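Reading through the structure tokens given below for one structure.
Numbering (the numbering used here), first residue to last: 226 to 522.
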């Protein structure tokens, strides 16, 4: 793992006492993170509005909080909810940020607008809390294995305080700057990834005209200059869409919709031309869903 700009050692937990964390959100990302933490010996207290998910985590050893206020005594808090509004509700609307003990650390894993992460970072500093803007990449399987990549934004002190937690859930943590920088970099990653996915959809359509089997085309590409993560992990988004279907997650919260429109909004806010992001935001929600459900985009 790499965390830049800080070489100091994190505070060690009391001898014989497992490190503790509160986790809000037990969806596609939060549940595997919770299970990975439990496997690593952490004391994990969880909250989610869906009682069945809390029960599932509880069956694996997690404690349940009745509401988010029940996490106020946790020295480390992780948030993996759907969007900016949900993160704001957890930290600000509920009063949890002001109720946390001074010196506590918060990692926001949700992919949110950089401006939201920046504002939350400022509010956390005012409350004496160390907040890391910490969106992730890797998907559910890597989350379950503690093998995520974290796009980290925050002060060196915030990363120092969150380091034991981040070391457990991630194999790669890159410190990119202050709060907001992590979210900006994550959106940049999404732009590159979905552009690659769109190009691969079109390339497969072209190959199919000449009766080239998808598997053969992808095998050739992964040994060529067109090699990319999308080609090597083909089927990832079909599987992810199926998981979202099973959990009932609305399309507006799925990354091929929400993250791309967040890119467009961020570009507009900074008078930045992002024409590829605009095109993808219009095309990809329909394309990904159509492909996942058995029809070509």
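Quick reminder that beta carbons are idealized off the backbone N, C-alpha and C, glycines included. These figures come from a predicted structure and were not determined experimentally.
I need the DSSP call for residue 358, collapsed to helix, strand or coil.
Start at 1 with the first residue of the chain shown, and residue 358 comes out as number 133. DSSP places residue 358 in strand when its eight states are reduced to three.
Any heavy atom of the ligand ADP within a distance shorter than 7 Å of the CB on residue 303?
Ligands are entirely absent from the displayed structure, and the ligand ADP is therefore not among its contents.
Can you tell which of 311, 497, 355 and 374 has its C-alpha closest to the C-alpha of residue 364?
Looking up residue 364 in the chain shown gives position 139. Minimum Cα distance to residue 364 is reached at 374.
Drop a sphere of 10 angstroms on the beta-carbon of residue 483, count the other beta-carbons inside from all chains shown, and report buried for 16 or more, exposed for fewer.
Within the chain shown, numbered from 1, the residue matching residue 483 stands at position 258. Buried: at least 16 other Cβ atoms inside 10 Å.
Indicate whether residue 370 and residue 261 have their beta-carbon atoms separated by less than 8 Å.
Your numbering for residue 370 matches position 145 in the chain shown. Your numbering for residue 261 matches position 36 in the chain shown. Yes, Cβ-Cβ distance for residue 370 and residue 261 is below 8 Å.
Would a C-beta distance cut-off of 8 Å place residue 376 and residue 422 closer than the cut-off?
If you number the chain shown from 1, residue 376 lands on position 151. If you number the chain shown from 1, residue 422 lands on position 197. Their beta carbons are not under 8 Å apart, which means residue 376 does not touch residue 422 by this criterion.
What distance in whole Å lies between the Cβ atoms of residue 476 and residue 502, which are believed to be in contact at a cut-off of 8 Å?
Counting from 1 along the chain shown, the entry for residue 502 is found at position 277. Counting from 1 along the chain shown, the entry for residue 476 is found at position 251. Actually they are not in contact, since the Cβ atoms of residue 502 and residue 476 sit about 18 Å apart, beyond 8 Å.
Quick test of the definition: if touching needs 3 or more C-beta pairs under 8 Å, does the region 389-408 touch the region 331-346?
Flag = yes, the region 389-408 and the region 331-346 touch.
Report all residues from its chain with a CB closer than 6 Å to the CB of residue 231; omit the five preceding and five following residues, and keep chain order.
Here residue 231 corresponds to residue number 6 of the chain shown, with the count starting at 1. In this prediction, residue 231 has a pLDDT of 38, which is less than 50 and means its spatial position is unreliable; nothing more can be read from the coordinates.
Could you spell out where the alpha helix (DSSP H) holding residue 455 opens and where it closes?
Here residue 455 refers to the residue found at position 230 when the chain shown is read from its first residue. Segment 454-457, the alpha helix (DSSP H) holding residue 455.
Identify, in the order they occur along the chain, each residue of the same chain with its Cβ nearer than 6 Å to the Cβ of residue 443, setting aside the five sequence neighbours on each side.
Here residue 443 corresponds to residue number 218 of the chain shown, with the count starting at 1. Around residue 443: 456 and 459.
Mind reading off the beta-carbon distance from residue 478 to residue 308? Whole number of angstroms is fine, and I expect it under 8 Å.
The residue given as residue 478 occupies position 253 in the chain shown. The residue given as residue 308 occupies position 83 in the chain shown. Right, their Cβ atoms sit about 6 Å apart.
Considering only residues of the same chain and omitting the five flanking positions on each side of residue 573, which have a CB-CB separation below 7 Å?
Lying before the first or after the last residue shown, residue 573 is absent from the chain, which here runs from 226 to 522.
At which residues does the alpha helix (DSSP H) containing residue 322 begin and terminate?
Here the question's residue 322 lines up with position 97 in the chain shown. That run of the alpha helix (DSSP H) goes 321-324.
Below 8 Å on the Cβ atoms is my guess for residue 279 versus residue 271; work out the distance and round it to an integer in Å.
Walking along the chain shown from the start, residue 279 turns up at place 54. Walking along the chain shown from the start, residue 271 turns up at place 46. About 6 Å; that satisfies the 8 Å criterion.
Give a yes or no on whether the C-beta atoms belonging to residue 356 and residue 349 are separated by under 8 Å.
Start at 1 with the first residue of the chain shown, and residue 356 comes out as number 131. Start at 1 with the first residue of the chain shown, and residue 349 comes out as number 124. Result yes, Cβ atoms of residue 356 and residue 349 sit closer than 8 Å.
Take the Cβ of residue 441 as the centre, count every other Cβ of all protein chains shown within 10 Å, and call the residue buried at 16 or more, exposed below.
Stepping through the chain shown from its first residue, residue 441 is reached at position 216. Burial call: exposed.
What is the DSSP secondary structure of residue 401, reduced to helix, strand or coil?
Working through the chain shown from its first residue, we reach residue 401 at position 176. In the structure shown, residue 401 sits in a strand (DSSP, three-state: E or B).
Please report the distance separating the alpha-carbon of residue 437 from that of residue 505.
Position 212 of the chain shown, counted from the start, is the residue given in the question as residue 437. Position 280 of the chain shown, counted from the start, is the residue given in the question as residue 505. C-alpha separation (whole angstroms): 26 Å.
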